[in-house]
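Residue numbering for the sequence shown follows the numbering used here, beginning at 33 and increasing consecutively.
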Amino acid sequence: MTVLVSGATSQIGRYLLPRLVQAGMDVQAASRRPQAEQPGVQWLGGDLYDALDQSGPHAWQAIASSSPMELWAEWLSRQTVAPAPRIIVTSSMSVLTKQESAQADEQDVVAMLQRGERGLIAQAERLGMEWTILRPTLIYGAGIDRSISPIVARARRLRVFPIPMTHGMRQPVHADDIAQTMVQAIRTGAAAGRVLEIGGGERLPYHEMFRRMRASLVESTLPVPLPDLSLRMLAAVLPRARGPVSRLQQDLIADNSELTALLGVRPRPFRPDAGTWQPMTPELASARVAASPPGAVA
33 MTVLVSGATS
43 QIGRYLLPRL
53 VQAGMDVQAA
63 SRRPQAEQPG
73 VQWLGGDLYD
83 ALDQSGPHAW
93 QAIASSSPME
103 LWAEWLSRQT
113 VAPAPRIIVT
123 SSMSVLTKQE
133 SAQADEQDVV
143 AMLQRGERGL
153 IAQAERLGME
163 WTILRPTLIY
173 GAGIDRSISP
183 IVARARRLRV
193 FPIPMTHGMR
203 QPVHADDIAQ
213 TMVQAIRTGA
223 AAGRVLEIGG
233 GERLPYHEMF
243 RRMRASLVES
253 TLPVPLPDLS
263 LRMLAAVLPR
273 ARGPVSRLQQ
283 DLIADNSELT
293 ALLGVRPRPF
303 RPDAGTWQPM
313 TPELASARVA
323 ASPPGAVA
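See below:
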C-alpha cells in the first residue's frame, strides 16, 4: 500500500510517517523544504500542488493529511478521477468550541474549518472516494504546538509557572495517538464517511492540566495561582486574550465512544514528562515509534 502524506512535518506528521512505515506501507510525503532521508519515505518537494504534480500517475491507496482541508478541496475539484480510494484528514474541535466566540479572528477559524470540511466531503464524494475527518482536541506531544509547549518554555525560562485556577475540563490528545488513529482508518476503512471526535484518554480540570505540566519539568519553578478575577483583568487589558479566557470555564472535551467502537482506538491519558516538551525531530520521532508498539489501538 502506498500512502501520500501532506502536513508531514507537522506535529501529527512527525509521528505519522514512522507509524505508516512501521505498518508496512510505502510513503510519499510532501514538503516545501528539503528534508533529510527517512527510511521508507519518498519526499516530494515544493508546495502541495507542486508535489502532487511531481508524483506523476497516482498509485496511492490512501491520502493522509493534516494540511488545511481547503487546499485538498481545491485540488480535488480539479480532478476527474479519484487520486486514491480513501482520504483521511484532520480538522479541529475548534469548529464546535469556538462557534460562540465574539472574537473575529476565532470566527474566521471556525468559518475556515467549516468550508474545509464541507468542501472536502463534497469533492471526495463527487470522485467516489471514502473520506474520514478527525476532530482532535488540544494536541501535544511533539513539542512544537502553539498552545501549551510555549507556556512550558516560558515557565522554564522565567522559573515561574502560572496556574489558572479555573475548572473547565480539558482533554489533551497526544499527536502520536492521532497518527495511530489515521493508520487504523487507512488500514480498515471502518470510519469511512464519518466525522470523528478524538480527545485524550483523560478529562481533567484546566488547573490540574497546568499542575501536571509543571510537575513534568526537571527545573524548579514557582507556582503562581491565577484566580478568575486576575484572568478577567488580563482579558480586559489584552484583547487577544478575551477569547481564550472566556473559554477557561467551559468544558472543551471530545466523545471518543464512536472512535473506539469503529477503530478500536483508546488514546493515552495526560501524563507528560520532561521529554514531552522537547521539539520532536523526525529522527527522534522515528526512534520513539520504533521503540514502542501501537499503544492507542486496542
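Glycine included, every Cβ here is placed at the ideal spot set by N, Cα and C.
Residue closest to residue i, alpha-carbon to alpha-carbon, out of the options
i              : options                        : result
glycine 225    : Gln139, Met161, Ile44          : Met161
proline 311    : Ala268, Ala330, Leu284, Tyr172 : Tyr172
glutamine 139  : Ala217, Pro276, Ser324, Thr313 : Pro276
leucine 261    : Gly221, Gln281, Phe302, Leu316 : Gln281
threonine 292  : Ala330, Pro301, Val250, Pro115 : Ala330
valine 256     : Arg235, Pro301, Ile195         : Ile195
arginine 64    : Gly78, Asp82, Leu103, Pro115   : Gly78
aspartate 82   : Ala68, Trp92, Gly72, Ala61     : Ala61
isoleucine 120 : Gln111, Trp309, Gly221         : Gly221
Delimiting residues of the beta strand (DSSP E) encompassing residue i
i              : result
aspartate 283  : Run containing aspartate 283: none; DSSP gives neither H nor E here.
threonine 122  : 118-122
isoleucine 165 : 162-168
isoleucine 230 : 226-230
glycine 77     : 73-77
glutamine 60   : 58-63
serine 38      : 34-38
Assigned exposure category for residue i - 16 Cβ within 10 Å defines buried
i              : result
methionine 245 : buried
valine 205     : buried
glycine 231    : buried
glycine 307    : exposed
threonine 122  : buried
threonine 41   : buried
arginine 202   : buried
proline 325    : exposed
methionine 241 : buried
leucine 270    : exposed
tyrosine 238   : buried
arginine 118   : buried
glutamate 149  : buried
serine 109     : exposed
proline 259    : exposed
arginine 235   : buried
aspartate 136  : The question names aspartate, but residue 136 is alanine in the sequence shown. Classification for alanine 136: exposed.
glutamine 74   : exposed
serine 133     : buried
aspartate 208  : buried
For residue j and residue i, the rounded distance between their alpha carbons
i             : j             : result
proline 182   : isoleucine 95 : 31 Å
glutamate 290 : leucine 76    : 34 Å
glycine 56    : leucine 190   : 45 Å
leucine 295   : leucine 254   : 42 Å
valine 227    : alanine 185   : 33 Å
threonine 34  : serine 97     : 14 Å
leucine 170   : glutamine 43  : 12 Å
arginine 320  : alanine 154   : 37 Å
alanine 317   : serine 248    : 19 Å
proline 299   : alanine 223   : 16 Å
glycine 45    : alanine 286   : 21 Å
threonine 164 : leucine 36    : 15 Å
arginine 188  : valine 250    : 9 Å
alanine 328   : arginine 303  : 14 Å
aspartate 85  : arginine 147  : 24 Å
serine 99     : proline 168   : 14 Å
glycine 72    : glutamine 93  : 16 Å
First and last residue of the uninterrupted alpha helix (DSSP H) at residue i
i             : result
glycine 221   : Segment: none, glycine 221 is in no alpha helix (DSSP H) and carries neither H nor E.
arginine 188  : 181-190
tryptophan 92 : Element bounds for tryptophan 92: n/a, residue is neither H nor E.
valine 127    : 126-129
valine 142    : 136-159
threonine 253 : Run containing threonine 253: none; DSSP gives neither H nor E here.
threonine 292 : 289-295
serine 318    : 314-323
Proximity test, residue i beta-carbon vs the ligand ZN heavy atom, cut-off 7 Å
i           : result
alanine 156 : The model on display carries no ligand, and the ligand ZN is accordingly not part of it.
Whole-Å CB distance - residue i paired with residue j, under 8 Å assumed
i             : j              : result
glutamate 229 : methionine 125 : 6 Å
glutamine 131 : proline 314    : Actually they do not touch by this definition, with Cβ atoms about 35 Å apart.
leucine 48    : methionine 197 : Not really, about 36 Å apart at Cβ, beyond 8 Å.
leucine 284   : glycine 200    : 7 Å
leucine 166   : isoleucine 210 : 7 Å
alanine 105   : glycine 39     : Between glycine 39 and alanine 105 the Cβ distance is about 15 Å, and since that is not below 8 Å, they are no contact.
alanine 322   : proline 66     : Rounded, the Cβ-Cβ distance is 24 Å, inconsistent with contact.
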